[in-house]
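Read through the structure below, which is laid out as structure tokens, and then see the notes.
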DNA sequence: ATTTTCAAT
Ligand SMILES: [Zn+2]
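In UniProt numbering, the protein residues as written are 1 to 209.
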């Protein structure tokens, strides 16, 4: 298997795909920038990083899973004792996962306590409907112990420093970065809240109302 | 912006 696209993203491509604007028309692609760190390692500075783009018929999250064996050697067990090597995975995705990927990831991560996954997303994918499958998928990830967070300025900045061929050019925020990030963070927070309605209903039931 | 959404919801 060839090494992943470990080349850096161009500035234009990064901005185009990670811009957290609402009128993100015609991208038709999703990018995933990742950092993989081996935990409990004496060499705590060692990490692997790179980026992936979805391929036809394969969402980028599942593509990432297919590369896990390369990125996280020994995560299924290594050495004579078969101890599973522990990794911390952080990825920054231009879209939040669809419900299918979210459920597959949740199931996978539940079975892999030696892996920790943190997901940062620029935009929320199909989360407008109150009862959307994508919203449920995000809650499922949370229940599986996966941290899901909307990217803020510092995350875009970190990605620029880490994954972009920046040629000394400093990261420059686009119009509305902060406002959009705040709006999406609030939205995600509401999605991940345990349903207030149900809590209220439970409360009323307890009170016999 | 009434904005869009991984060969796609
Ligand atoms: Zn997906």
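Glycine residues also receive a C-beta, built at the ideal position from the N, C-alpha and C atoms.
Residue list, Cβ distance to ligand 1 heavy atoms smaller than 7 Å: Here the residues come out as 59, 61, 62, 97, 98, 100, 101.
On the criterion of 16 or more Cβ atoms from any shown chain inside 10 Å, does residue 40 qualify as buried, or is it exposed? exposed
Euclidean distance between Cα positions of residue 131 and residue 80: 48 Å
Cα-Cα, which of 170, 116, 94 is closest to residue 85? Cα-wise, what sits closest to residue 85 is 116.
On the DSSP letters alone, give me the boundaries of the beta strand (DSSP E) that residue 147 sits inside. Bounds of the beta strand (DSSP E) holding residue 147 are 147-150.
Restricting to Cα atoms, I'd like to know which of 76, 149, 160, 172 is closest to residue 190. 149
Measuring alpha carbon to alpha carbon, tell me which of 177, 160, 169 ends up nearest residue 51. 160
Let's see if you can read the secondary structure: which residues bound the alpha helix (DSSP H) around residue 185? 177-192
Verify whether the separation of the beta carbon atoms of residue 31 and residue 94 is less than 8 Å. yes
What number of angstroms, rounded off, separates the C-alpha of residue 9 from the C-alpha of residue 155? 16 Å
Check for me: the alpha helix (DSSP H) holding residue 138 runs from which residue to which? 133-143
Alpha-carbon spacing of residue 83 relative to residue 112, whole angstroms: 12 Å
Cβ neighbour criterion (16 or more within 10 Å) applied to residue 28: exposed
Local Cβ density within 10 Å of residue 90, reported as buried at 16 or more and exposed below that: buried
Determine the burial state of residue 19: buried for a count of at least 16 other Cβ atoms within 10 Å of its Cβ, exposed for fewer. buried
What did DSSP end up calling residue 52 once you bin it into helix, strand or coil? The three-state reading of DSSP puts residue 52 in strand, counting E and B together.
Residue 106 versus residue 100 - alpha carbon distance: 10 Å
For ligand 2, is there a heavy atom less than 7 Å away from the beta-carbon of residue 82? Judged by which ligands are present, ligand 2 is missing from the structure shown, whose ligands are ligand 1.
Evaluate residue 153 with the Cβ neighbour count: other Cβ atoms within 10 Å of its Cβ, from every protein chain shown; 16 or more gives buried, anything less gives exposed. It counts as exposed.
For residue 165 and residue 11, believed in contact at Cβ under 8 Å, the rounded distance: 7 Å
Can you give, in chain order, each stretch of the beta strand (DSSP E) that sits fully within the segment 13-101 and has at least 3 residues? 31-38, 47-53, 87-95
I'd like to know whether the C-beta atoms of residue 163 and residue 33 end up nearer to each other than 8 Å. yes
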